[in-house]
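Enquirer: So the protein lines, in turn, are chains A and B. Going by our numbering, the first sequence opens with residue 148, and the numbers climb by one from there. Going by our numbering, the second sequence opens with residue 399, and the numbers climb by one from there. Questions regarding the structure given below will be posed in turn.
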Amino acid sequence: DIQMTQSPSTLSASVGDRVTITCRASQNMSTWLAWYQQRVGKAPRLLIYKASTLETGVPSRFSGSGSGTEFTLTISSLQPDDFATYFCQQYNTYARTFGQGTKVEIK
Amino acid sequence: EVQLLESGGDLVQPGGSLRISCAASGFTFSNYAMNWVRQAPGKGLEWVATISGSGISTYNADSLRGRFTISRDNSKNTLYLQMNSLRADDTAVYYCAKTRAFRGVYDAFDIWGQGTMVTVSS
Chain A
148 DIQMTQSPST LSASVGDRVT ITCRASQNMS TWLAWYQQRV GKAPRLLIYK ASTLETGVPS
208 RFSGSGSGTE FTLTISSLQP DDFATYFCQQ YNTYARTFGQ GTKVEIK
Chain B
399 EVQLLESGGD LVQPGGSLRI SCAASGFTFS NYAMNWVRQA PGKGLEWVAT ISGSGISTYN
459 ADSLRGRFTI SRDNSKNTLY LQMNSLRADD TAVYYCAKTR AFRGVYDAFD IWGQGTMVTV
519 SS
């Protein structure tokens, strides 16, 4: 299976900050990567697919980039609603593995 | 409105079995692959299984070693997960999720249910 490693595990930031989360894959997976946001007690929400395509309805402050084995999720100006946990997921192979998550906390 | 509603979560003894369901509405169910993802308390997301829109093809996490079976009834717009030989470490919220692409299998999960809790304990 492809292993997905996110960093950092926890990130402390303030409203208005620019935030970047990294996801590294154990093998080349082109751009078959998605990013999800999960607020406490809620189901995950798709933010980005195919590494950089914004899902309909997702604010433009979210962006994704990368290909191959290294990917990033950027929030250009952190808003109160954005304090949550973020997961990457590869869907290059049948075993659709997730990263371990990055919790974005209020500083 | 596109919606997924899981049900059937329960408290089960170790070694027991349980079938959970996911009722879909608001889209043509048979045109989309469907998935189960679980999340143990305080932990991350773990992909469990995927089934194609027709139900012909299924994909399962190797770690589950054949204990779980995904299926669907397109006439009832319902997805199922049959879980056998349950263990304490199967305790989790189980989410069903729709694959984004029309008739695609390898794609992101764009719609998620609210989850159903399965607890394995004596």
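Heads up, the beta-carbon is just placed ideally off N, CA and C, and yes, glycines get one too. Everything numeric in this text was worked out from a predicted model, so none of it was measured.
With a threshold of 7 Å between beta-carbons, can residue 213 of chain A be considered close to chain B, or not?
Expert: no
Enquirer: Is residue 427 of chain B helix, strand or coil when you go by DSSP?
Expert: helix
Enquirer: Spatial neighbours of residue 436 of chain B within its chain, please: C-beta separation below 6 Å, excluding the five flanking residues on both sides.
Expert: 444, 446, 490 and 492
Enquirer: Can you tell which of B/412, B/415, B/503 and B/424 has its C-alpha closest to the C-alpha of residue 403 of chain B?
Expert: B/424
Enquirer: Using a threshold of 7 Å, state whether the C-beta atoms of residue 495 of chain B and residue 507 of chain B are closer than that.
Expert: yes
Enquirer: Any C-beta of chain A within less than 9 Å: which residues of the region 430-446 of chain B qualify?
Expert: 433, 435, 437, 441, 442, 443, 444 and 445
Enquirer: So residue 238 of chain A is in the beta strand (DSSP E); what residue range does that whole segment cover?
Expert: No beta strand (DSSP E) contains residue 238 of chain A, which DSSP labels as neither H nor E.
Enquirer: Which of the three DSSP states, helix, strand or coil, is assigned to residue 462 of chain B?
Expert: helix
Enquirer: Assuming residue 223 of chain A contacts residue 165 of chain A under a Cβ cut-off of 8 Å, what Cβ separation, rounded to an integer in Å, is found between them?
Expert: With 8 Å as the limit, residue 223 of chain A and residue 165 of chain A qualify as a contact, their Cβ atoms being about 6 Å apart.
Enquirer: Would you tell me roughly how many angstroms separate the C-alpha atoms of residue 158 of chain A and residue 167 of chain A, rounded to the nearest one?
Expert: 9 Å
Enquirer: Please specify which runs of the beta strand (DSSP E), each continuous and at least 3 residues long, are wholly inside the region 165-214 of chain A, giving them in chain order.
Expert: Qualifying beta strand (DSSP E) stretches, in chain order: 166-172, 180-185, 192-196 and 209-214.
Enquirer: Where does the unbroken beta strand (DSSP E) through residue 508 of chain B begin, and where does it stop?
Expert: 507-510
Enquirer: Using 7 Å as the limit for Cβ to Cβ distance, is residue 172 of chain A near chain B?
Expert: no
Enquirer: Near residue 214 of chain A, what residues of its chain come up, given a Cβ to Cβ distance below 8 Å and the 5 sequence neighbours on each side ignored?
Expert: 177, 178 and 198
Enquirer: Taking 7 Å as the CB-CB limit, is residue 512 of chain B close to chain A?
Expert: yes
Enquirer: Leaving aside the five residues before and after residue 406 of chain B along the sequence, list all residues of the same chain whose C-beta is less than 8 Å from its C-beta, in chain order.
Expert: 416, 417, 418, 419 and 514
Enquirer: Do residue 451 of chain B and residue 478 of chain B have their CB atoms nearer than 7 Å?
Expert: Not closer than 7 Å, so no.
Enquirer: Could you please give me the residues that DSSP links to residue 217 of chain A through a beta bridge?
Expert: A/171 and A/214
Enquirer: Where do the ends of the beta strand (DSSP E) carrying residue 404 of chain B lie?
Expert: 401-405
Enquirer: Taking the alpha carbon of residue 502 of chain B as the reference point, which residue from B/517, B/410, B/400 and B/449 has its own alpha carbon closest?
Expert: B/449
Enquirer: When DSSP labels each residue in this structure, what does residue 471 of chain B get in the three-state scheme?
Expert: strand
Enquirer: Distance check for residue 520 of chain B and residue 216 of chain A, CA to CA, integer angstroms please.
Expert: 43 Å
Enquirer: Need the endpoints of the beta strand (DSSP E) that residue 501 of chain B sits in, please.
Expert: Element bounds for residue 501 of chain B: n/a, residue is neither H nor E.
Enquirer: When Cβ atoms are compared, which residues of the region 456-474 of chain B fall closer than 8 Å to chain A?
Expert: For the region 456-474 of chain B, the residues whose beta carbon sits under 8 Å from a beta carbon of chain A are, in order, 457, 459 and 460.
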